[in-house]
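Peer 1: Residue numbers (our numbering), protein chains in the order written: chain F, 58 to 375; chain W, 256 to 634.
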Amino acid sequence: MTVAPAALSVDDQTARRVKRGEKKMFTGTKKRLSSPWATAAALIIAAVWTVPTFGLFLTSFRPREFINTTGWWTIFENWGFTLDNYATALQTGNSQLNMAGAFVNSFAITIPATVLPIAIALLAAYAFAWMDFRGKNILFIGVFALQIVPIQMALIPVLQFFARGEILGFPVIEAFGSVGYAQVWIAHTIFGLPLVIYLLHNFVSEIPGEVIEAARVDGAGHGQIFFRIILPLTAPAIASVAIFQFLWVWNDLLVALIFADGNVAPITKLLAEMTGSRGQDWYLLTAGAFIALIVPLIVFLSLQRFFVRGLLAGSTKG
Amino acid sequence: MTIQDFFRWLSTLNPWLEIVVIVGVFLAVVALILFLIEIAPRPGRIYTIIRLIACVVGPALVLVIMQSWIEAAAAAAVLGLLFFFLDKRAKGGAGSIFQLVGFLTPALALLTVGLIIPTIQTIFQAFMNKTGTTFVGFENFAWIFTQPQNVRVIVNTIIWVLVAPVISTIAGLAYAYFIDKTRGEKFYKILVFMPMAISFVGASIIWRFMYTARPEGQNQIGFLNQVIVWFGGDPYNFLADDPWNTFWLIVVFIWIQTGFAMVVLSAAIKGVPGEQLEAAELDGTNAWQRFINVVVPGIRPALIVVLTTISIGSLKVFDIVRTMTAGANSTSVLANEMYTQFRSFEQGRSAAFALILFVLVLPIVVYNAVQLKKQREIR
């Protein structure tokens, strides 16, 4: 027996709302906020927040001589469009590196520095969530507590460890020396771990226990459970943590200043350096800044849902 | 081949190829660990032998690859052997401890070497001289607290932590409340949230450009100075005007953090029960009274989280100061000074600055964690 849906007579607007699945049909409370003053204030805030980026964006496409003599708001009186700034900026830099190289470096630093901590943290998060052992809670609280250590506390000893291979004054391994991106990768991996473990643990422990139990009964060991259940079920969560870590590493300056010297420096470091040495060359700085911004902006606009989740979850990092 | 050789070889490759190789090698190692974990608890001689080999060869191999002392590698092998027998008689059955160690060792080893030991070292370093060889007591701290420019650094940091969180939160809250349930709310949110995606370095350049001043009579190219000129004022050099320049730097931080406050508070505002608002409306309250007496108490936990989170961020602020002024014109803050001292080979002083930062951050983080926990319990 089937039940035919009752044919209610609805007006167009209601039908549209039902179709969209909007919960609240009668938004009576809507009135309370649309006072003209509130709207005006919102518009002003929105404008104030957008103008700086917009100005930079416009300026980066204006010819050099216009940038130095007129403001971007006069673009219609002093019309000009050029890509030269970008071409020049990509070729500018210091003796070892230009902006194009730094842009590639940023990727070469960021992608491994995202994959490594997440893989290592996922292993640990699984053990903390689904294995029983003595002292588990204490250990987990210890890892959690490491989040409060500002990375400033660890930077220099870690650098010395790379340079000399010593721990607490005892030579332990041969020094790394200057070996490409390795130092930055390892540093970012370590500094990212406490937060990433904590976040992933939250997600991994939310998986229903019955699912894990059923797999165990079917004879799956921890390795298989990890591969076949944890990985697929937490994939969206991993994505949001990964986006957060990606943006954090991409936008980082401090770790790069200490661990990425010479020709492996990322774009943030080169830009900061250029701001110091060529602070008035706005045709370079605006284009350079935009080159650095474009990747996080694309990530932001295309993966907004994950992005907001990841950022909110990880906003205390540093 | 040692890991140092491997990295050296890696650095000769094309960067894109490096990404593929390092990620591939790393994931292969993780897969190997998972494979060993998977087969560890299986009964049978062959699995026992595999476990034995993994226990003895594993730790030794890691040390050999990292070019440790041969004695250290041998010691690791002996320890691994002991571990094998411990594991064999484990309560949870042979292989159970092996699994646990497999899952946890990579993370715990890195955290120990890269965070715990360095933090302890920095604490000691703060009481050492500049090369870290002689104990000097509180000399570094005495230097910090007696030099006027260093006292200024601490005052600046305190100004940051007092001003930035409050203004970002108020702006974020106002905006979230104004746009709540309006048409195009999502779009409005994107506009204000976008700066969160931008690096502090990028934001600093954007705002340096906003602040640029040209001498009187010339065309202004910085928008803010143009606004001042339009209103009949004289061009103003924002970043050189001590003591207000610290506030102009804080503006950049607020510009970024307001989006964060707005998103969190907007979600909280949507959680305020509509019945309460309607009841208040029936009682004849106006919009402002409803906001202060119903909405704000309703989102108190979220407000605290936002305030503490931004406070921690403003205590640690580094990139903005480094890029905008590099600490010139008395704008320096703790994190920047820590870096500056390190660059001028004053390790002790650098560590002392880091320690002060740590001590200042500590109470806020603990408070934040307690609040978060409380919030979870309520839910």
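Glycine residues also receive a C-beta, built at the ideal position from the N, C-alpha and C atoms.
None of the values given here were measured: they were computed from a predicted structure.
Would you list the residues sitting across from SER323 (chain W) in a DSSP beta bridge?
Peer 2: Counting from 1 along the second sequence, the entry for residue 323 (chain W) is found at position 68. Bridge partners of SER323 (chain W): F:ILE230.
Peer 1: Chain W beta carbons: is any one of them nearer than 7 angstroms to that of MET188 (chain F)?
Peer 2: Here residue 188 (chain F) refers to the residue found at position 131 when the first sequence is read from its first residue. Yes, MET188 (chain F) counts as interfacial toward chain W.
Peer 1: Which class does ASN155 (chain F) belong to by DSSP, given the choice of helix, strand or coil?
Peer 2: Here the question's residue 155 (chain F) lines up with position 98 in the first sequence. DSSP places ASN155 (chain F) in strand when its eight states are reduced to three.
Peer 1: Taking 7 angstroms as the threshold (beta carbon to beta carbon), is GLY348 (chain W) in contact with chain F?
Peer 2: Within the second sequence, numbered from 1, the residue matching residue 348 (chain W) stands at position 93. No, because no Cβ of chain F sits closer than 7 angstroms to the Cβ of GLY348 (chain W).
Peer 1: Among all the DSSP beta bridges, which residues are the ones paired with PHE390 (chain W)?
Peer 2: Locating residue 390 (chain W) in the second sequence gives position 135, counting from the first residue. Paired residue(s): W:MET383.
Peer 1: For the region 571 to 585 of chain W, which residues have a beta carbon sitting closer than 7 angstroms to at least one beta carbon of chain F?
Peer 2: Residues passing the 7 angstroms Cβ filter: LYS571, PHE573, ASP574, ARG577, THR578, ALA581.
Peer 1: Residues of chain W with CB under 8 angstroms from PRO183 (chain F), in chain order?
Peer 2: Indexing the first sequence from 1 puts residue 183 (chain F) at position 126. For clarity, residue 183 (chain F) is Tyr in the given sequence; the question names Pro instead. Going along chain W in sequence order, the residues near TYR183 (chain F) (Cβ under 8 angstroms) are PHE358.
Peer 1: Which residues of the region 102 to 122 of chain F have a Cβ closer than 9 angstroms to any Cβ of chain W? Give them in chain order.
Peer 2: Within the region 102 to 122 of chain F, the qualifying residues are ILE102, ALA103, ALA104, VAL105, TRP106, THR107, VAL108, PRO109, THR110, GLY112, LEU113, THR116.
Peer 1: Output the distance between the C-alpha atoms of ALA458 (chain W) and PRO450 (chain W), rounded to the nearest integer angstrom.
Peer 2: Residue numbering aside, residue 458 (chain W) sits at position 203 when the second sequence is read from its first letter. Residue numbering aside, residue 450 (chain W) sits at position 195 when the second sequence is read from its first letter. Rounded to whole angstroms, ALA458 (chain W) to PRO450 (chain W) spans 8 angstroms at the Cα level.
Peer 1: At least one CB of chain W closer than 7 angstroms to the CB of GLU223 (chain F): is that the case?
Peer 2: Looking up residue 223 (chain F) in the first sequence gives position 166. No, GLU223 (chain F) lies away from the interface with chain W (no Cβ there is under 7 angstroms from its Cβ).
Peer 1: Out of F:GLU267, F:GLU231, F:TRP307, point me to the one whose CA is closest to MET256 (chain W)'s CA.
Peer 2: In the second sequence, the residue the question calls residue 256 (chain W) occupies position 1. Out of F:GLU267, F:GLU231, F:TRP307, F:GLU231 has the C-alpha closest to the C-alpha of MET256 (chain W).
Peer 1: Any beta carbon of chain F sitting closer than 7 angstroms to that of PHE502 (chain W)?
Peer 2: Position 247 of the second sequence, counted from the first residue, corresponds to residue 502 (chain W). Output row for PHE502 (chain W): interface = no.
Peer 1: Are the beta-carbon atoms of THR586 (chain W) and VAL576 (chain W) separated by less than 7 angstroms?
Peer 2: One-based indexing of the second sequence puts residue 586 (chain W) at position 331. One-based indexing of the second sequence puts residue 576 (chain W) at position 321. Their beta carbons are under 7 angstroms apart, which means THR586 (chain W) touches VAL576 (chain W) by this criterion.
Peer 1: Which residues, in order along the region 143 to 160 of chain F, keep a beta-carbon less than 7 angstroms from a beta-carbon of chain W?
Peer 2: Within the region 143 to 160 of chain F, no residue has a Cβ that lies closer than 7 angstroms to any Cβ of chain W.
Peer 1: Going by other Cβ atoms of all chains shown within 10 Å of its Cβ, with 16 needed for buried, is VAL614 (chain W) buried or exposed?
Peer 2: The sequence position of residue 614 (chain W) within the second sequence is 359, counting from 1. VAL614 (chain W) comes out exposed.
Peer 1: Taking contact to mean at least 3 C-beta pairs separated by less than 8 angstroms, is the region 232 to 241 of chain F in contact with the region 396 to 407 of chain W?
Peer 2: Contact between the region 232 to 241 of chain F and the region 396 to 407 of chain W is absent, because fewer than three Cβ pairs lie under 8 angstroms.
Peer 1: For the region 424 to 435 of chain W, list every residue whose C-beta sits within 9 angstroms of some C-beta in chain F, in sequence order.
Peer 2: Listed in sequence order: ALA426, ALA429, TYR430, TYR432, PHE433, ILE434, ASP435.
Peer 1: For ILE524 (chain W), report the span of its alpha helix (DSSP H) as first-last.
Peer 2: For the purposes of this step, residue 524 (chain W) is identified with residue 269 of the second sequence, where counting begins at 1. Taken as a continuous stretch (DSSP letters only), the alpha helix (DSSP H) holding ILE524 (chain W) covers 500 to 525.
Peer 1: Got a sec: does the ligand NAD put a non-hydrogen atom nearer than 6 angstroms to the Cβ of GLU533 (chain W)?
Peer 2: As far as ligands go, the structure on display features none, and thus does not contain the ligand NAD.
Peer 1: Does the CB of LEU446 (chain W) have a neighbour CB from chain F at under 7 angstroms?
Peer 2: Here residue 446 (chain W) corresponds to residue number 191 of the second sequence, with the count starting at 1. It does; some Cβ of chain F falls within 7 angstroms.
Peer 1: Run through chain W and tell me which residues come within less than 7 angstroms of GLN209 (chain F), C-beta to C-beta.
Peer 2: Position 152 of the first sequence, counting from 1, holds the residue named residue 209 (chain F). Neighbours of GLN209 (chain F) on chain W, chain order: ALA590, MET593, ALA609, LEU612.
Peer 1: What distance in whole Å lies between the Cβ atoms of VAL507 (chain W) and TRP462 (chain W), which are believed to be in contact at a cut-off of 8 angstroms?
Peer 2: Translated into positions along the second sequence, residue 462 (chain W) becomes position 207. Translated into positions along the second sequence, residue 507 (chain W) becomes position 252. Between VAL507 (chain W) and TRP462 (chain W) the Cβ distance is about 5 angstroms, and since that is below 8 angstroms, they are a contact.
Peer 1: Under the DSSP definition of a beta bridge, which residues are partnered with GLY150 (chain F)?
Peer 2: The residue given as residue 150 (chain F) occupies position 93 in the first sequence. Per DSSP, F:ASN155.
Peer 1: Report yes or no: is there a C-beta of chain W within less than 7 angstroms of the C-beta of THR139 (chain F)?
Peer 2: The count along the first sequence starts at 1 and reaches residue 139 (chain F) at position 82. THR139 (chain F) does not count as touching chain W.
Peer 1: Just to make sure I have the definition right: I need the residues of chain F whose C-beta is within less than 7 angstroms of the C-beta of GLN475 (chain W). Which are they?
Peer 2: On the second sequence, residue 475 (chain W) is found 220 positions in, with the first residue counted as 1. The contacting residues are GLY128.
Peer 1: Near GLN281 (chain F), which residues of its chain fall below 6 angstroms by C-beta distance, leaving aside the five closest residues on each side in sequence?
Peer 2: For the purposes of this step, residue 281 (chain F) is identified with residue 224 of the first sequence, where counting begins at 1. Nothing listed; no residue qualifies.
Peer 1: Cβ of TRP264 (chain W) less than 7 angstroms from any chain F Cβ?
Peer 2: The sequence position of residue 264 (chain W) within the second sequence is 9, counting from 1. By this cut-off, TRP264 (chain W) is not an interface position.
Peer 1: Could you spell out where the alpha helix (DSSP H) holding GLY357 (chain W) opens and where it closes?
Peer 2: Along the second sequence, read from residue 1 onward, the residue named residue 357 (chain W) stands at position 102. Here the alpha helix (DSSP H) through GLY357 (chain W) covers 351 to 366.
Peer 1: DSSP on ILE224 (chain F), reduced to helix/strand/coil?
Peer 2: By one-based count along the first sequence, residue 224 (chain F) stands at place 167. Residue state, collapsed to three classes: strand.
Peer 1: Strictly below 8 angstroms CB to CB, what residues from chain F border LEU617 (chain W)?
Peer 2: What you label residue 617 (chain W) is simply residue 362 of the second sequence in a count that begins at 1. In chain order: ILE205.
Peer 1: Starting from TYR466 (chain W), trace the alpha helix (DSSP H) both ways and give me its first and last residue.
Peer 2: Taking the first residue of the second sequence as position 1, residue 466 (chain W) is located at position 211. Note, TYR466 (chain W): alpha helix (DSSP H), 455 to 466.
Peer 1: Which chain F residues are close to ALA282 (chain W), counting only those with a beta carbon under 8 angstroms from its beta carbon?
Peer 2: In the second sequence, the residue the question calls residue 282 (chain W) occupies position 27. Sequence inspection shows Leu at residue 282 (chain W); the Ala mentioned does not correspond to that position. Going along chain F in sequence order, the residues near LEU282 (chain W) (Cβ under 8 angstroms) are VAL172, ALA176.
Peer 1: In terms of residue numbering, what span does the alpha helix (DSSP H) encompassing ILE559 (chain W) cover?
Peer 2: For the purposes of this step, residue 559 (chain W) is identified with residue 304 of the second sequence, where counting begins at 1. Run containing ILE559 (chain W): 555 to 570, per the alpha helix (DSSP H) assignment.
Peer 1: For ILE292 (chain W), which of helix, strand or coil comes out of DSSP?
Peer 2: Mapped onto the second sequence, residue 292 (chain W) falls at position 37. If DSSP states are grouped into helix, strand and coil, ILE292 (chain W) belongs with the helices.
Peer 1: At least one CB of chain W closer than 7 angstroms to the CB of THR167 (chain F): is that the case?
Peer 2: For this step, residue 167 (chain F) is matched to residue 110 along the first sequence. It does not; no Cβ of chain W falls within 7 angstroms.
Peer 1: Does the beta-carbon distance from TYR255 (chain F) to PHE201 (chain F) come in below 7 angstroms?
Peer 2: Your numbering for residue 255 (chain F) matches position 198 in the first sequence. Your numbering for residue 201 (chain F) matches position 144 in the first sequence. Result yes, Cβ atoms of TYR255 (chain F) and PHE201 (chain F) sit closer than 7 angstroms.
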